[in-house]
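Those letters in the sequence shown? Residues 18 to 184, by this note's numbering.
For reference, the structure discussed in these notes is given below.
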Amino acid sequence: MIEIPQTYYKESGDEVDLPAQSQQLRYQFSDGKIVGTHQGAYFFTIGQRKGLAVGGTPDPLFVIDTDVEENIVYVGQGKNHAGLLRKALKVNIEDVHWVRDDLKIPEGETMEVMARIRYRQPLQKAIIYPKVDAFYVLFEEPQSAITPGQFVAWYQEEELLGSGIIV
């Protein structure tokens, strides 16, 4: 188990660079320090706090990434660790599903929506960006533990417009 320090991150500041903002950081063994052991990286999910069996830190540790091939779990201190937070996410075009085709927006246009990445999560303000090769969701506020393989759903008022699998 490797702890990544909060000082590891650099501000991008470029709100129009959706590919960069939606990309999950990939860590290396040398990016942090060893703080514990585990029985397999595949047992952990991004955002997980329980079951890490590591103490002695000022703030609780959260899983910020896993590398199943190398069997490494990367953790960070505190629920506001930069490794947990992102404003944007990406969905592959083939994984976008519209409930109503008449509300589908063409590539290059945008739509203000309310979106969520978790069941029963309060809806969050966001803008959707369909592109040629991908579909992006840019949230007004950073979201915690955006996890590949989970779903994002977007709404207008109470109506579900569509969903997609997060990359």
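All C-beta atoms, glycine included, are put in the ideal place defined by N, C-alpha and C.
Please read all numbers here as calculations on a predicted model, not as lab measurements.
1) Taking one C-beta from the segment 119–135 and one from the segment 83–98 each time, how about it: are there three or more such pairs within less than 8 Å?
2) Roughly how far, in whole angstroms, is the beta-carbon of VAL80 from the beta-carbon of GLN65, given that I think they are within contact range, below 8 Å?
3) Can the beta-carbon of LYS104 be found less than 8 Å from the beta-carbon of GLN38?
4) Roughly how far, in whole angstroms, is the beta-carbon of VAL130 from the beta-carbon of LEU178, given that I think they are within contact range, below 8 Å?
5) Would you say the segment 83–94 touches the segment 165–174, given that touching needs at least three Cβ pairs under 8 Å?
6) What number of angstroms, rounded off, separates the C-alpha of ILE19 from the C-alpha of LYS50?
7) Can GLY93 and GLN41 be called in contact, C-beta distance under 8 Å?
8) Just verifying my parser: in three-state terms, what is the DSSP assignment at ALA170?
9) Under three-state DSSP, which class holds PHE60?
10) Quick one: what's VAL116 bridged to in DSSP?
11) Measure the alpha-carbon distance for ILE145 versus ILE134 and round it to whole angstroms.
12) On the criterion of 16 or more Cβ atoms from any shown chain inside 10 Å, does ALA132 qualify as buried, or is it exposed?
According to the data block:
1) Taking 8 Å as the limit for Cβ pairs, the verdict is that the segment 83–98 does not touch the segment 119–135.
2) A Cβ-Cβ separation of about 4 Å places VAL80 in contact with GLN65 under the 8 Å criterion.
3) Going by C-beta atoms, LYS104 is nearer than 8 Å to GLN38.
4) With a Cβ gap of about 7 Å, VAL130 and LEU178 count as contacting.
5) With a cut-off of 8 Å, the segment 165–174 and the segment 83–94 do not count as touching, because too few Cβ pairs lie within range.
6) Roughly 5 Å separates the two Cα atoms.
7) Against a cut-off of 8 Å, the Cβ pair of GLN41 and GLY93 comes out as no contact.
8) Reduced to three states, the DSSP call for ALA170 is strand.
9) Three-state DSSP puts PHE60 in a helix.
10) The partner list for VAL116 (beta bridge, DSSP) is empty, contrary to what the question assumes.
11) Computed Cα separation, rounded: 14 Å.
12) ALA132 should be labelled buried.
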